[in-house]
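A.B. asks: Heads up: the sequence shown begins at 468 in our numbering, then just goes up one per residue.
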Amino acid sequence: MTRAGWSEVNSDEWYDDEALGEESPRVAEVTAELERSGFHVLVSWTPAQQELVVLDPTDGRDWTTGSLPPLFPLDTELALDLSGESSQAARAETVRRAFAAAGLLDTTRIRVPDPSSSLRADLVLLLMADHLYDVAERHRGRDDAGEVLALLGEDASWRLASGMRAYPLIVPAPVPSAAARGIAEWCWRRETEVEDWHHKVDDLTMARANIAATRAVLPHVHLEGVDWPAVRLALTLPRRRLADGRALTDLFEEGWPPILASIRTQIDLWQRLDDELGPQAALILLSLHGSRTESVGDWWGSGHYETLTRRAIHNAARQGTLPEAVAETFADATHFADVTVHSPDTLDDDTLRWLTHAILTERSTLRARGEPDTTAVTLSDWAVEQLTDLLSTDHDTAANDTSA
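Put into structure tokens, the structure is as follows:
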């Protein structure tokens, strides 16, 4: 979880009372509280039962800092029975998948009980003030981050704000994997000349190129910030290749030089933002941009993509609708899923086409059942009440100041 931007608040070890006199007393429970952008979890591990539980540590907690009360990022607590796992590695992988499915490895998303209410817009402003503008202000030494963003121009500012307009609301946080998707989307796929030359490649090849760009960027995005010179090199290598060995310069032909030039232009823009607002603020903006489900939130590299992929493959295996090539290539459906979530761009065209359709079908099925197609926590009634009171007070104060 620390690689997803969570930081440890405190940790404790509890020992078995009956074994306290022994030279090496048995650990009965280990707990660690983690926090990210005002959201808290308490992770409890009991070795004897081999059980890991994610609990809500915010109940009854005093609200002393920030505009928002401390919140729990899940609708319900999460309990994992790991007694059936044969090794530490297997337990760790089971936990990782469960955390990915719960949304703990991606940015936190929030639903409000009434999306049409003013609370939605006010909540966005509070989140941005607490977790983006405050970070930029500490870097710059003055409160003018909004002016810096405005200097980029109306068009760029509008595109930057797309993550703020998304719903369920995205909580601003530095999440390297989401930021890597944001870089791939902005500096490769959407804000460059790539779309103008899309006619040179089919949709499957473009999907492979998007995955390759994300994979190339990912090692250079850290919790401390983005290594922009490394990102520039990774995305503009003259003979950059796809996983199947094809060179992008051969695929895009005369379109490759203008594509490279536009990539450099967009990286220049983000380096400027990084310099002006600071590495953390830039990382947060990129994480917002890479978390939008209408664009790249479900791209390869997100926990949500992995969960949808595994679910789609599991359902197809249960229904007997996996492609014939899967049985010929992979040991079983689990092996197929493991390879697919890590390297879908190594699949043949027919299998990748099937996978893309299967994921879309899975999302449609979730919607038809009235289930959310992206992981998000619903703001609790008590939090809504407290926020409404706070915002009403703020609005009244602002109105009085204006009338005075």
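Glycine included, every Cβ here is placed at the ideal spot set by N, Cα and C. If you're wondering where the values come from, they're calculated on a predicted model, not measured in any experiment.
1. Please go through the same chain and pick out, in chain order, the residues whose beta-carbon is closer than 7 angstroms to the beta-carbon of Leu616, but skip the five residues on each side of it.
2. Looking at C-alpha atoms only, which residue of Leu509, Ala515, Gly472 is the closest neighbour of Pro643?
3. Any idea what DSSP makes of Ser474, helix, strand or coil?
4. I'd like to know whether the C-beta atoms of Leu636 and Arg587 end up nearer to each other than 9 angstroms.
5. Along the chain, which unbroken stretches of the beta strand (DSSP E) at least 3 residues long are found entirely within the stretch 576-644?
6. By the DSSP assignment, the alpha helix (DSSP H) with Arg503 in it spans what residues?
7. Looking only at its chain, what residues have a beta carbon closer than 8 angstroms to the beta carbon of Gln853, apart from the 5 residues adjacent to it on each side?
8. Within the same chain, show all residues whose beta-carbon is closer than 7 angstroms to that of His687, passing over the 5 residues directly before and after it, in chain order.
9. Are Thr842 and Gly570 closer than 9 angstroms when you measure CB to CB?
10. Relative to the C-alpha of Trp849, which residue among Thr561, Thr525, Val476, Ala565 is closest?
11. Asp523: which of Ser847, Ala779, Ser859, Thr855 sits nearest, CA to CA?
12. My parser needs the alpha helix (DSSP H) runs of 4 or more residues fully inside the stretch 769-854; what are they?
13. Would you call Leu501 buried or exposed, if buried means 16 or more other Cβ atoms sit within 10 Å of its Cβ?
14. Tell me Phe506's beta-bridge partners as DSSP assigns them.
15. Would you mind giving the Cβ-Cβ distance between His771 and Asp573, rounded to the nearest angstrom? I have them listed as a contact below 8 angstroms.
16. Can you name, in chain order, every residue of its own chain whose Cβ lies under 7 angstroms from the Cβ of Thr716, other than the five neighbours on each side?
17. Name the DSSP beta bridge partners of Arg708, please?
18. Could you tell me the alpha carbon to alpha carbon distance between His598 and Ala798, rounded to whole angstroms?
19. In the DSSP assignment, the beta strand (DSSP E) including Glu518 goes from what residue to what residue?
20. How long is the line joining the alpha carbons of Leu671 and Arg648, rounded to whole angstroms?
21. Would you mind stating whether Val476 and Asp483 have Cβ atoms separated by less than 9 angstroms?
22. Quick check on the DSSP output: the alpha helix (DSSP H) that includes Leu700 runs from which residue to which?
23. Here's the rule I'm using: 16 or more other beta-carbon atoms within 10 Å means buried, otherwise exposed. How should His507 be labelled?
24. Buried or exposed, going by whether 16 or more other CB atoms sit within 10 Å of the CB of Arg656?
25. Kindly list the residues whose CB is nearer than 7 angstroms to the CB of Arg528, restricted to its own chain and excluding five residues on each side of it in sequence; keep chain order.
26. Leaving out five residues before and five after Ala865 in sequence, what residues of the same chain have Cβ atoms less than 6 angstroms from its Cβ?
27. Could you name the residues that DSSP lists as bridge partners for Leu547?
28. Cβ of Asp812 within 9 angstroms of Cβ of Asp711?
29. Measure the alpha-carbon distance for Val806 versus Val851 and round it to whole angstroms.
30. Quick one: give me the first and last residue of the alpha helix (DSSP H) that Leu571 is part of.
C.D. replies: Taking the geometry as given:
1. Ser624, Leu627
2. Gly472
3. Ser474: strand per DSSP, three-state reduction.
4. yes
5. Runs of the beta strand (DSSP E) inside the stretch 576-644: 576-578.
6. Segment 494-503 is the beta strand (DSSP E) holding Arg503; no alpha helix (DSSP H) there.
7. Trp530, Pro536
8. Val693, Asp694, Ala697, Val698, Ala701
9. yes
10. Thr525
11. Ser847
12. Within the stretch 769-854, the complete alpha helix (DSSP H) runs of at least 4 residues are 770-786, 791-796, 800-809, 816-835.
13. buried
14. Arg503, Leu538
15. Yes, they are in contact, since the Cβ atoms of His771 and Asp573 sit about 6 angstroms apart, within 8 angstroms.
16. Pro705, Arg706, Trp723
17. Paired residues: Ala714.
18. A direct Cα-to-Cα measurement between His598 and Ala798 gives close to 46 angstroms.
19. 518-522 is the span of the beta strand (DSSP E), which, as asked, contains Glu518.
20. Taking the CA atoms as reference points, Leu671 sits about 18 angstroms from Arg648.
21. no
22. First-last of the alpha helix (DSSP H) with Leu700: 695-703.
23. buried
24. buried
25. Pro537
26. Because Ala865 carries a pLDDT of 49, less than 50, the predicted location of this residue cannot be relied on, and no value is offered for it.
27. The partner list for Leu547 (beta bridge, DSSP) reads Leu519.
28. At a Cβ-Cβ threshold of 9 angstroms, Asp812 and Asp711 count as neighbours.
29. 42 angstroms
30. Looking at the DSSP string, Leu571 is not in any alpha helix (DSSP H), and its letter there is neither H nor E.
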